[in-house]
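Numbered according to full-length UniProt numbering, the sequence shown terminates at residue 591, and the numbering increases by one at each position without gaps.
Idealized CB from N, CA, C, for every residue including glycine.
All values reported here derive from a predicted model rather than from experimental measurement.
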Amino acid sequence: MLGGESKNFSMHSNVVGEQADIREDEEQLVKFGEIVDLLVAAGYFRARIKGLSNFDKVVGGMTWCIESCNFDVDVDLLFHENLTIGQKISLTEKIVAMLPIMNCPHRLEPHQIQGLDCIHIFPVIRWLVKRSMETRKETAGFVRSYALYQYEKAHPSCLNQESDSLEKNDSIETNIQAVNRAYGPRRKYKKLDSTTTDEITRIKSTILEYGIVQAPTTSSAESERDHSVNHSTEGTSEAVAGAGVVTAENKTHQMQHDEERLSASTVGNIVGLQAQEIVQVSERYANLSIDTEDITNESRILVALGKQKVSLKNRERKLKENRDALIKSMDEATEKLKQIQESEKAIEEELKQMAEMETDENREIIKKLEELLAVHAGLKDQSHKFREQCKADANYFQKMVENIESSEPYEEQNRTAEYDTLKESINKKRLLLAKKNRAIATLMRQLDDVPGRSELTQYQLRFMELYNQVAAKHKETKQYYTLYNTLDDTKLYLSKELSLLNSIQDNYKEAMASASGKEQFLKQFEAIIEGVKRNKEKVAKKCEEEKDRRYNYSKKLAALVEIQRKYVAAVKQLTIECRKNEALLAQLRAT
Numbered sequence: 001m002l003g004g005e006s007k008n009f010s011m012h013s014n015v016v017g018e019q020a021d022i023r024e025d026e027e028q029l030v031k032f033g034e035i036v037d038l039l040v041a042a043g044y045f046r047a048r049i050k051g052l053s054n055f056d057k058v059v060g061g062m063t064w065c066i067e068s069c070n071f072d073v074d075v076d077l078l079f080h081e082n083l084t085i086g087q088k089i090s091l092t093e094k095i096v097a098m099l100p101i102m103n104c105p106h107r108l109e110p111h112q113i114q115g116l117d118c119i120h121i122f123p124v125i126r127w128l129v130k131r132s133m134e135t136r137k138e139t140a141g142f143v144r145s146y147a148l149y150q151y152e153k154a155h156p157s158c159l160n161q162e163s164d165s166l167e168k169n170d171s172i173e174t175n176i177q178a179v180n181r182a183y184g185p186r187r188k189y190k191k192l193d194s195t196t197t198d199e200i201t202r203i204k205s206t207i208l209e210y211g212i213v214q215a216p217t218t219s220s221a222e223s224e225r226d227h228s229v230n231h232s233t234e235g236t237s238e239a240v241a242g243a244g245v246v247t248a249e250n251k252t253h254q255m256q257h258d259e260e261r262l263s264a265s266t267v268g269n270i271v272g273l274q275a276q277e278i279v280q281v282s283e284r285y286a287n288l289s290i291d292t293e294d295i296t297n298e299s300r301i302l303v304a305l306g307k308q309k310v311s312l313k314n315r316e317r318k319l320k321e322n323r324d325a326l327i328k329s330m331d332e333a334t335e336k337l338k339q340i341q342e343s344e345k346a347i348e349e350e351l352k353q354m355a356e357m358e359t360d361e362n363r364e365i366i367k368k369l370e371e372l373l374a375v376h377a378g379l380k381d382q383s384h385k386f387r388e389q390c391k392a393d394a395n396y397f398q399k400m401v402e403n404i405e406s407s408e409p410y411e412e413q414n415r416t417a418e419y420d421t422l423k424e425s426i427n428k429k430r431l432l433l434a435k436k437n438r439a440i441a442t443l444m445r446q447l448d449d450v451p452g453r454s455e456l457t458q459y460q461l462r463f464m465e466l467y468n469q470v471a472a473k474h475k476e477t478k479q480y481y482t483l484y485n486t487l488d489d490t491k492l493y494l495s496k497e498l499s500l501l502n503s504i505q506d507n508y509k510e511a512m513a514s515a516s517g518k519e520q521f522l523k524q525f526e527a528i529i530e531g532v533k534r535n536k537e538k539v540a541k542k543c544e545e546e547k548d549r550r551y552n553y554s555k556k557l558a559a560l561v562e563i564q565r566k567y568v569a570a571v572k573q574l575t576i577e578c579r580k581n582e583a584l585l586a587q588l589r590a591t
């Protein structure tokens with residue numbers, strides 16, 4: 001009987017365990033294995049540790065994936081084993097709260113993670129692993145492009161600079177040629193008869209045809225003639241060469257003489273010439289007197305062009321020097337390029353050898369080394385920037401110290417008084433802040449003491465589980481007590497029966513020796529039989545009462561079972577309606 005009751009109790013406890021813990025399902029175990037394999041393949045090798053619980057593996061993998069996607073999870077940094085139900089629910093709530101922020105298409109509840117409902121957890125883990133891999137690729141691309149940018153910034157290409165300088169030189173030469181074509185010497189007048197054979201006259205007429213006026217300053221005819229020949233020859237050579245100008249002082253002197261229309265010295269020199277020259281020069285000057293103002297403006301332009309020509313020649317000379325330097329640097333860069341190409345070929349050969357040496361086993365290690373090298377380069381750059389920033393801050397603080405040391409005592413007293421005032425106000429504000437923090441901490445503890453919906457659900461499940469276990473234990477204990485009482489009563493009756501039989505056996509011979517003793521013995525025996533019958537009736541009556549109680553309890557049990565069935569149906573209907581409500585709320589939020 002005891003063995004049968006214990007067997008029933010063990011079966012009942014197994015049923016309760018299967019209802020309360022979903023991890024015993026075979027399909028759940030298969031999904032859990034797939035989750036562990038997926039996390040290990042993604043790089044979370046902590047899932048291989050056999051000493052960790054399944055809950056720690058799943059929650060740790062989800063937290064690792066979320067953090068690898070550049071999202072922060074508000075979890076405790078220190079690892080704690082054997083978390084309580086409240087701590088587990090709080091941790092899972094923080095993880096579940098991050099999924100909508102990451103736009104996860106799958107829905108998950110905290111109690112599903114706490115109960116290891118791997119069928120519903122697996123799609124979320126798969127999506128998180130996929131998202132973490134995509135984020136890792138984006139980060140690798142960004143680090144690679146940043147490394148290339150830093151390399152180009154530290155080692156610029158010489159060929160690009162040389163090509164840019166050559167293009168600038170070509171554009172400058174084109175502009176110079178355009179200026180020469182636009183402001184070059186042009187013939188404004190043309191002589192009708194060419195009968196004059198005198199070289200000096202032809203030179204002067206040619207200069208006048210190009211709009212250049214020569215005015216000698218001496219009184220000697222011969223010296224003036226020689227000077228005019230030399231000066232006209234220079235003007236003609238420059239006109240033919242494309243300059244068309246003389247020095248700035250001579251041009252200013254010519255413009256003054258043109259404005260005076262004809263000075264006395266000019267007339268004297270012209271009279272000294274031959275008659276034909278006098279006629280020709282007089283006619284030419286009469287014609288030129290009409291366009292004096294235009295010639296003056298053109299002369300000014302020619303002076304400016306002369307200055308521009310000189311500056312352009314200097315610039316051309318500098319550009320040629322720069323070009324020679326650039327050609328030299330280009331040759332050096334070409335040699336460097338050849339060396340770089342040779343080193344690049346050697347590196348490519350080494351890379352080919354490394355690619356041949358690469359296997360499936362060390363491929364992940366090589367990728368990890370590449371990522372670490374990129375991170376090392378970035379950290380090195382950050383370290384350099386940090387050192388520069390530290391130097392700048394040190395200089396700034398050194399200047400501040402010098403300024404403070406060199407300041408007057410009165411300013412120090414004012415600053416000290418201001419500092420004391422600010423310190424006192426800060427201390428008061430700190431006290432107020434401490435009071436507020438204590439009040440906030442008290443309110444937070446009060447809020448934490450109030451369980452949430454999911455926590456109440458977990459508490460309900462655990463209370464039901466504990467109630468089932470306590471009820472089963474109580475039933476088993478009650479059966480043990482009933483069995484003990486039954487056996488004790490049986491023992492009592494058997495001991496009474498044994499003592500009665502012993503007394504009968506002891507007194508039988510003495511009672512049968514006389515008639516009075518025999519009669520008394522029979523009366524006592526009948527009294528004993530009557531007592532046994534009365535006890536039997538009491539036991540039978542008690543048995544009937546227990547049967548009636550059992551019947552009443554059976555009726556109550558049937559009624560309670562019916563109520564439970566209705567309750568389960570109502571809970572199921574309520575769950576369906578809640579899901580519909582959540583779906584409608586999600587649609588409203590989406591719209």
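Run through DSSP, which three-state label would Pro100 get?
The residue labelled residue 100 in the question sits at position 100 within the sequence shown. Residue state, collapsed to three classes: helix.
Give the secondary structure of Lys572 by DSSP, where H, G and I count as helix, E and B as strand, and everything else as coil.
Counted from its first residue, the sequence shown places residue 572 at position 572. Lys572 falls in the helix class under three-state DSSP.
Taking the straight line between their C-alpha atoms, what separation do you get for Lys309 and Glu316?
One-based indexing of the sequence shown puts residue 309 at position 309. One-based indexing of the sequence shown puts residue 316 at position 316. Whole-angstrom Cα-Cα distance: 10 angstroms.
DSSP three-state label for Tyr151, please.
Taking the sequence shown and counting its residues from 1, one reaches residue 151 at position 151. Of the three classes helix, strand and coil, the one that applies to Tyr151 here is helix, per DSSP.
Closer than 6 angstroms by C-beta to Glu260: which residues in its own chain qualify, once you throw out the five before and the five after it? Chain order, please.
The residue you call residue 260 lines up with position 260 of the sequence shown. Because Glu260 carries a pLDDT of 42, less than 50, the predicted location of this residue cannot be relied on, and the following value inherits that uncertainty. Closer than 6 angstroms at the Cβ level, and outside the excluded window around Glu260, lies no residue.
What does a CB cutoff of less than 6 angstroms around Ile66 pick up in its chain, not counting 5 residues either side in sequence?
If you number the sequence shown from 1, residue 66 lands on position 66. Closer than 6 angstroms at the Cβ level, and outside the excluded window around Ile66, lie Val73 and Met98.
Under a Cβ-count criterion, where at least 16 other Cβ atoms within 10 Å of its own Cβ denotes burial, should Pro100 be classed as buried or exposed?
Position 100 of the sequence shown, counted from the start, is the residue given in the question as residue 100. The residue is exposed, with fewer than 16 neighbouring Cβ atoms inside 10 Å.
Buried or exposed, going by whether 16 or more other CB atoms sit within 10 Å of the CB of Met330?
The sequence position of residue 330 within the sequence shown is 330, counting from 1. Classification of Met330: buried, given that the 10 Å Cβ count is 16 or more.
For Tyr459, I'd like the list of residues in its chain whose CB is within less than 7 angstroms of its CB, leaving aside the five on either flank, ordered along the chain.
Residue numbering aside, residue 459 sits at position 459 when the sequence shown is read from its first letter. Once the five neighbours on either side are set aside, the close Cβ partners of Tyr459 are Pro451.
DSSP three-state call for Gly242: helix, strand or coil?
One-based indexing of the sequence shown puts residue 242 at position 242. At Gly242, the pLDDT of 39 sits below 50, so the modelled position is not reliable; the number obtained from the coordinates is stated separately. Three-state result, Gly242: coil.
Measure the alpha-carbon distance for Leu588 versus Glu109 and round it to whole angstroms.
Sequence index remark: in the sequence shown, residue 588 carries index 588 (1-based). Sequence index remark: in the sequence shown, residue 109 carries index 109 (1-based). About 21 angstroms.
Report the three-state DSSP secondary structure of Lys580 (helix, strand or coil).
Locating residue 580 in the sequence shown gives position 580, counting from the first residue. In the structure shown, Lys580 sits in a helix (DSSP, three-state: H, G or I).
So for Met11, helix, strand or coil by DSSP?
In the sequence shown, the residue the question calls residue 11 occupies position 11. Residue placement at Met11 is poorly supported in this model, since its pLDDT is 34, which falls under 50; the coordinates still yield a value, given next. DSSP places Met11 in helix when its eight states are reduced to three.
Just to check my reading of the structure: Arg126 and Ser68 have Cβ atoms closer than 8 angstroms, yes? What is that Cβ distance to the nearest angstrom?
Working through the sequence shown from its first residue, we reach residue 126 at position 126. Working through the sequence shown from its first residue, we reach residue 68 at position 68. With a Cβ gap of about 15 angstroms, Arg126 and Ser68 do not count as contacting.
With distances taken from CA atoms, which of Thr201, His111 and Ala583 is nearest Ile89?
As a working note, residue 89 is residue 89 in the sequence shown. Per the Cα distances, His111.
Verify whether the separation of the beta carbon atoms of Thr92 and Gln114 is less than 7 angstroms.
As a first step, residue 92 is located in the sequence shown; it is residue number 92 there, counting from the start. As a first step, residue 114 is located in the sequence shown; it is residue number 114 there, counting from the start. Yes; because the gap between Cβ atoms is below 7 angstroms, this pair is in contact.
In angstroms with no decimal places, state the Cα-to-Cα distance between Asn454 and Arg462.
For the purposes of this step, residue 454 is identified with residue 454 of the sequence shown, where counting begins at 1. For the purposes of this step, residue 462 is identified with residue 462 of the sequence shown, where counting begins at 1. Correcting the residue type first, residue 454 is Ser in the shown sequence and not Asn. When rounded, the distance between both Cα atoms is 12 angstroms.
Mark Gln398 as exposed unless 16 or more other C-beta atoms lie within 10 angstroms of its C-beta, in which case mark it buried.
Numbered from its first residue, the sequence shown carries residue 398 at position 398. Its Cβ having fewer than 16 others within 10 Å, Gln398 is exposed.
For Thr217, count neighbouring C-beta atoms within 10 Å of its own C-beta (all shown protein chains included) and say buried if the count is 16 or more, exposed if not.
Counting from 1 along the sequence shown, the entry for residue 217 is found at position 217. Here Thr217 scores only 41 on pLDDT, less than 50, and its place in the model is too uncertain to base an answer on.
Quick check: the Cα distance between Ser205 and Arg181, rounded to an integer number of angstroms?
Here residue 205 is taken as the residue at index 205 of the sequence shown, counted from 1. Here residue 181 is taken as the residue at index 181 of the sequence shown, counted from 1. Computed Cα separation, rounded: 24 angstroms.
For the alpha helix (DSSP H) that Lys50 lies in, which residues bound it at each end?
As a working note, residue 50 is residue 50 in the sequence shown. Lys50 -> no alpha helix (DSSP H), and no H or E assigned at all.
Please name the residue, chosen from Met464, Val532 and Thr416, that lies closest to Met494 on a Cα-to-Cα basis.
Taking the sequence shown and counting its residues from 1, the one referred to as residue 494 is at position 494. Reading the sequence as shown, one finds Leu at residue 494 and not Met. Minimum Cα distance to Leu494 is reached at Val532.
The alpha helix (DSSP H) that contains Phe386, what's its start and end?
Indexing the sequence shown from 1 puts residue 386 at position 386. Residues Arg363 to Ser406.
Specify whether the segment 32 to 45 and the segment 54 to 63 touch according to this definition: at least 3 beta carbon pairs, one from each stretch, less than 8 angstroms apart.
Yes, the segment 32 to 45 is in contact with the segment 54 to 63.
Does the beta-carbon distance from Phe32 to Cys118 come in below 7 angstroms?
To locate residue 32, count along the sequence shown from 1; it is residue 32. To locate residue 118, count along the sequence shown from 1; it is residue 118. Result yes, Cβ atoms of Phe32 and Cys118 sit closer than 7 angstroms.
For the alpha helix (DSSP H) containing Tyr210, list its first residue and its last residue.
For this step, residue 210 is matched to residue 210 along the sequence shown. Where Tyr210 is concerned, there is no enclosing alpha helix (DSSP H), given that its DSSP letter is neither H nor E.
In angstroms, rounded to a whole number, what distance separates the CA positions of Ser516 and Lys496?
Position 516 of the sequence shown, counting from 1, holds the residue named residue 516. Position 496 of the sequence shown, counting from 1, holds the residue named residue 496. C-alpha separation (whole angstroms): 26 angstroms.
Are residue 599 and Ala511 closer than 7 angstroms when you measure CB to CB?
Any answer about residue 599 is impossible in this case: the structure gives the chain only from 1 up to 591.
Distance, Cα to Cα, Val470 vs Met444?
Walking along the sequence shown from the start, residue 470 turns up at place 470. Walking along the sequence shown from the start, residue 444 turns up at place 444. Taking the straight line from one Cα to the other gives about 34 angstroms.
Just to confirm, is the Cβ distance from Val129 to His106 under 7 angstroms?
Here residue 129 is taken as the residue at index 129 of the sequence shown, counted from 1. Here residue 106 is taken as the residue at index 106 of the sequence shown, counted from 1. Not a contact, by the Cβ cut-off of 7 angstroms.
Would you mind reading off the limits of the alpha helix (DSSP H) that contains Leu494?
Translated into the one-based positions of the sequence shown, residue 494 becomes position 494. Taken as a continuous stretch (DSSP letters only), the alpha helix (DSSP H) holding Leu494 covers Arg453 to Ala511.
Identify, in the order they occur along the chain, each residue of the same chain with its Cβ nearer than 7 angstroms to the Cβ of Thr575, setting aside the five sequence neighbours on each side.
The residue you call residue 575 lines up with position 575 of the sequence shown. Excluding sequence neighbours, Thr575 sits near nothing in its chain.
Suppose you measure from the CA of Ala392 to the CA of Phe45; what does that come to, to the nearest Å?
Residue numbering aside, residue 392 sits at position 392 when the sequence shown is read from its first letter. Residue numbering aside, residue 45 sits at position 45 when the sequence shown is read from its first letter. Roughly 44 angstroms between the two C-alpha positions.
Am I right that Tyr183 and Leu312 are in contact with their C-beta atoms under 8 angstroms? What's the rounded C-beta distance?
Position 183 of the sequence shown, counting from 1, holds the residue named residue 183. Position 312 of the sequence shown, counting from 1, holds the residue named residue 312. So it is not a contact: roughly 11 angstroms between Cβ atoms.
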